[in-house]
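Colleague: I'd like to ask some things about the structure below.
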Amino acid sequence: MNDQTKWLNQKIRTGWFFIGLGILFILVGVYFEINYSYIPYNVSIITGLGILWAGIGIGLIVRYMVGKKGDESAKRLMVEELDERNQLIRYRAGYRGFWVAIILVYIILMWLSMAANGSLPPIGKELLWYLQVACVVIPFGVYLTSVLIDQKNL
Amino acid sequence: MKNRLEEFRNKRGWTQQELADQADVSRQTIISLENGRYNPSILLAFRLARLFELKIEDIFIYSEEN
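If you read the protein sequences in the order shown, they are chains A and B. Here this note's numbering is used: the first residue of the first sequence is 1, the next is one more, and so on. Here this note's numbering is used: the first residue of the second sequence is 1001, the next is one more, and so on.
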């Protein structure tokens, strides 16, 4: 077994791991939704996470199954993934996304603590939900934009 | 940092893809290197120098201005 095949198999195993984790989360989420619907906690978040993990797993398997077509496609896939310029682009994007996330969370936490002592208007539950979504979506958008810009400029 | 990668590649008659395959990098990385948009890691610089059977400083030219 050559290096590419070993690398591919390891990636596919990771995909299966995520699918397993996702199924586990979905089962736990559904179990809680059925049996503990009275608890003051939105248990569908657990199911949602399970769907996310399973989706990531399926994505990984689909991506790396392409490399199973032959040694040449496996090598191309491995080179693309381990290419130092591509890695640099991903690291830079991750760094930018991370700091945007930190700043957003910091602003929201500051707002919440100042709202608690009456210095700022309070944030309603619905708005808080949207702000939480923004804390995930905006950094992800920054990550994708950064990747696209660096792919062009670097 | 300037480099003479394109010159040496053309001398050998290699395409960008052929050089990329030998250096285990993507073709886009070779394009970026040749355009001077990207500076390689020391490992990649050594790998490229070995491929051309040259020294690193024959291919990559460091200048204080950069």
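Ideal Cβ placement from N, Cα and C applies to all residues, glycine included.
Contact criterion: CB-CB distance below 7 Å. Does Asp83 (chain A) meet it with respect to chain B?
Modeller: By this cut-off, Asp83 (chain A) is an interface position.
Colleague: Can you find a CB in chain A that lies within less than 7 Å of the CB of Thr996 (chain B)?
Modeller: In the structure displayed, chain B extends from 1001 to 1066; residue 996 (chain B) sits before or after that span and is not available.
Colleague: I need the straight-line Cα distance from Gln1016 (chain B) to Ile1042 (chain B), nearest angstrom please.
Modeller: For Gln1016 (chain B) and Ile1042 (chain B), the distance between alpha carbons rounds to 20 Å.
Colleague: Val207 (chain A) touches chain B at which residues, Cβ-Cβ below 7 Å?
Modeller: This structure cannot speak to residue 207 (chain A), because chain A is shown only from 1 to 154.
Colleague: Going by beta carbon distance, what residues of the same chain come within less than 8 Å of Ser44 (chain A), once the five residues before and after it are set aside?
Modeller: Excluding residues within five positions, the ones whose Cβ falls inside 8 Å are Gly29, Glu33.
Colleague: Name the chain A residues whose beta carbon is nearer than 7 Å to that of Leu1044 (chain B)?
Modeller: Per Cβ cutoff of 7 Å: Glu84.
Colleague: With Leu112 (chain A) as the anchor, note down where its alpha helix (DSSP H) starts and where it stops.
Modeller: Where Leu112 (chain A) is concerned, the enclosing alpha helix (DSSP H) stretches over 84-116.
Colleague: From Leu1005 (chain B) to Leu88 (chain A), what distance separates their C-alpha atoms?
Modeller: Roughly 21 Å between the two C-alpha positions.
Colleague: Quick one: is Gln10 (chain A) buried, meaning 16 or more other Cβ sit within 10 Å of its Cβ, or exposed?
Modeller: The residue in question, Gln10 (chain A), is exposed, as its Cβ has fewer than 16 Cβ neighbours within 10 Å.
Colleague: For Asn153 (chain A), return the contacting residues in chain B, with the cut-off set at a CB-CB distance below 8 Å.
Modeller: Going along chain B in sequence order, the residues near Asn153 (chain A) (Cβ under 8 Å) are Arg1037.
Colleague: Given a cut-off of 7 Å on the beta-carbon distance, is the pair Phe1060 (chain B) and Asn1003 (chain B) in contact?
Modeller: Cβ distance < 7 Å, so Phe1060 (chain B) and Asn1003 (chain B) count as in contact.
Colleague: Count the other CB atoms, across all protein chains shown, that sit within 10 Å of the CB of Ile1030 (chain B); report buried if there are 16 or more and exposed otherwise.
Modeller: Buried, since its Cβ has 16 or more Cβ neighbours within 10 Å.
Colleague: Just the chain A side, please: which residues come within less than 8 Å of Ser1032 (chain B) by C-beta, in chain order?
Modeller: Near Ser1032 (chain B) (Cβ distances below 8 Å), the residues of chain A are Arg85, Leu154.
Colleague: Phe1060 (chain B) by DSSP, collapsed to three states: which one?
Modeller: Strand, per DSSP.
Colleague: Nearest-angstrom Cα distance between Trp99 (chain A) and Arg1050 (chain B)?
Modeller: Taking the straight line from one Cα to the other gives about 39 Å.
Colleague: Which residue marks the beginning of the alpha helix (DSSP H) containing Pro122 (chain A), and which one marks its end?
Modeller: No alpha helix (DSSP H) contains Pro122 (chain A), which DSSP labels as neither H nor E.
Colleague: Do Phe18 (chain A) and Ile56 (chain A) have their beta-carbon atoms positioned less than 7 Å apart in this structure?
Modeller: Going by C-beta atoms, Ile56 (chain A) is nearer than 7 Å to Phe18 (chain A).
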